[in-house]
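Numbering (our numbering), first residue to last: 1 to 225.
Each remark here refers to the structure printed beneath this line.
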């Protein structure tokens, strides 16, 4: 069974407090009840949510990647709580006749994006990085698309399939450049962040993010593998 993982990395706070806040907000969000994806166990269409006390609890980063200090900013991943969303049975995100509820093409995937946008905007302090890891992605590399140095400089180390670039990253790469990325989905959020999804081939990872990555000025994960 293939899984999709999406991680929200926060600059401060306690992971359990953030997780409780997200779960409470999702439980009160009427759109969840009307959609085909749910935040609870179900035969299909389930989105799981869990916590890591810090990003290092999940990723075995090198010591040089954990902390970095510049004249503008000091970053130490020991203090960065991480929330992970998990989606299984990826074929159902495509929708269509193969979906148990026979929903429109890409409709469940778009619902997932709505969930992620809702969660991104729910907490008072927003994530400093949001990124996906998929069956073909850097799970083999054992590297997320960020290091302490890249975060300190408001940059990614490569472009994942799905990301929400916070305002500082958008400005670093250029707002017009990011918004004109040749990707399946590009959406500017209320705080100036940008949700970017390279393609909608959720069950066919042979299609990569190289074109979108080159447009922004980043390598794709396939170029690092």
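Glycine is no exception: its CB is placed at the ideal position from the N, C-alpha and C atoms.
(1) Quick one, which of 23, 35 and 211 has its alpha-carbon nearest residue 48's?
(2) Counting pairs of Cβ atoms below 8 Å between the segment 102-115 and the segment 57-70, do you hit three or more?
(3) For residue 131 and residue 53, what's the separation of their Cα atoms in angstroms?
(4) Confirm, please, whether the CB-CB distance from residue 213 to residue 165 is below 8 Å.
(5) Ignoring anything shorter than 4 residues, give me the alpha helix (DSSP H) runs that lie fully in the segment 92-125, in order along the chain.
(6) Measure the Cβ-Cβ separation of residue 178 and residue 203 and say whether it is below 8 Å.
(7) Taking only runs of the beta strand (DSSP E) that begin and end inside the segment 157-195, which ones reach a length of at least 3 residues, in chain order?
(8) With distance defined between alpha-carbon atoms, name the residue in 58, 85, 162 and 219 nearest to residue 37.
(9) Measure the C-alpha to C-alpha separation of residue 32 and residue 71 and round it to an integer number of angstroms.
(10) Using 10 angstroms around the beta-carbon of residue 187, count the other beta-carbons present and answer buried if the total reaches 16, otherwise exposed.
(11) Sort 90, 96 and 83 by Cα distance to residue 116 and report the nearest one.
(12) Fully enclosed by the segment 36-81, which beta strand (DSSP E) runs are 3 residues long or longer?
(13) Per DSSP, what kind of secondary structure is residue 88 in: helix, strand or coil?
(14) Select from 9, 119 and 113 the residue whose C-alpha is nearest the C-alpha of residue 184.
(15) Along the chain, where does the beta strand (DSSP E) that runs through residue 133 open and close?
(16) Thinking just about the alpha-carbon of each residue, which of 122, 7, 88 and 9 is nearest to the one in residue 27?
(17) How big is the Cα-Cα spacing for residue 153 and residue 208?
(18) Flag this pair as yes or no: are the beta carbons of residue 127 and residue 8 separated by less than 8 Å?
(19) With a cut-off of 8 Å on the beta carbons, I'd call residue 90 and residue 172 a contact; round off their distance for me.
(20) Around the Cβ of residue 74, are there at least 16 other Cβ atoms within 10 angstroms (buried) or fewer (exposed)?
(21) Thinking C-beta only, is residue 211 closer than 8 Å to residue 5?
(22) Strictly by DSSP, which residues pair up with residue 154?
(23) Residue 156 and residue 218: beta carbons closer than 8 Å?
Considering the structure as presented:
(1) Of the listed residues, the one whose Cα sits closest to residue 48 is 23.
(2) Fewer than three Cβ pairs drawn from the segment 102-115 and the segment 57-70 lie within less than 8 Å of each other, which leaves the two stretches out of contact.
(3) Rounded to whole angstroms, residue 131 to residue 53 spans 17 Å at the Cα level.
(4) Not closer than 8 Å, so no.
(5) With a minimum length of 4 residues, the continuous alpha helix (DSSP H) runs that stay inside the segment 92-125 are 107-122.
(6) In this structure, residue 203 does not lie closer than 8 Å to residue 178 by Cβ.
(7) Every beta strand (DSSP E) stretch that sits fully inside the segment 157-195 and reaches 3 residues is listed by chain position as 162-165 and 185-188.
(8) Ranking the options by Cα distance to residue 37, first place goes to 85.
(9) If I take the Cα positions, the gap works out to 43 Å.
(10) Taking all protein chains in view, the Cβ of residue 187 is surrounded by fewer than 16 other Cβ atoms within 10 Å, so the residue is classified as exposed.
(11) Selected option, being the one with the closest Cα: 83.
(12) Within the segment 36-81, the complete beta strand (DSSP E) runs of at least 3 residues are 47-52, 67-69 and 74-76.
(13) DSSP places residue 88 within a strand segment (E or B) once states are collapsed to three.
(14) Closest option to residue 184, Cα to Cα, is 113.
(15) Per DSSP, residue 133 belongs to the beta strand (DSSP E) from 129-133.
(16) The option with the nearest alpha carbon to residue 27 is 122.
(17) Roughly 26 Å separates the two Cα atoms.
(18) Against a cut-off of 8 Å, the Cβ pair of residue 8 and residue 127 comes out as a contact.
(19) Cβ atoms of residue 90 and residue 172 stay farther apart than 8 Å, at about 31 Å.
(20) Per the 10 Å Cβ criterion, exposed.
(21) Not in contact: residue 5 and residue 211 (Cβ atoms no closer than 8 Å).
(22) Residue pairing by DSSP places residue 154 in no beta bridge whatsoever.
(23) At the C-beta level, residue 156 and residue 218 come within 8 Å of one another.
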